[in-house]
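Novice: One structure is given below, represented as structure tokens, and several questions about it will come after.
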Amino acid sequence: MANTEKTVTVEQIGSALRRPKDQRATLVGLGLNKMHRRKTLKDTPEVRGMINKVQHLVRVVEDNA
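Below is the structure:
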């Protein structure tokens, strides 16, 4: 059976230095800690909300259907 879970890949494009603690914590929650690192996550409303909170620091690289 094929894996039907949707995923989203995000890449950190902005530094966490000189950012508020809540934004740094959101990056850690997404599994990102260094520039240009990528992480593939389940596409859930919670993850989308975290991406939206730090949208100026991350880029959505690809969406898998």
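All residue numbers for the sequence shown refer to the working numbering, where the first residue is 402 and numbers rise by one. For every residue, glycine included, the Cβ atom is placed at its ideal position computed from N, Cα and C.
Just mark residue 451 as buried or exposed, buried being the case when its beta carbon has 16 or more other beta carbons within 10 Å.
Specialist: Against the sequence shown, residue 451 aligns to sequence position 50. It counts as buried.
Novice: In its own chain, which residues sit with a C-beta less than 6 Å from the C-beta of residue 460, not counting the 5 before and 5 after it?
Specialist: By one-based count along the sequence shown, residue 460 stands at place 59. Here the set comprises 412 and 414.
Novice: For the beta strand (DSSP E) that contains residue 445, what are its first and last residues?
Specialist: Position 44 of the sequence shown, counted from the start, is the residue given in the question as residue 445. It is not in any beta strand (DSSP E) - residue 445 carries neither H nor E in the DSSP assignment.
Novice: I think residue 443 touches residue 431, with their Cβ atoms under 8 Å apart; what is that distance to the nearest whole Å?
Specialist: The residue given as residue 443 occupies position 42 in the sequence shown. The residue given as residue 431 occupies position 30 in the sequence shown. With a contact defined as Cβ atoms closer than 8 Å, residue 443 and residue 431 miss out at about 12 Å.
Novice: Identify whether residue 456 lies in helix, strand or coil by the three-state DSSP scheme.
Specialist: Here residue 456 refers to the residue found at position 55 of the sequence shown. The answer is coil: DSSP assigns residue 456 none of H, G, I, E or B.
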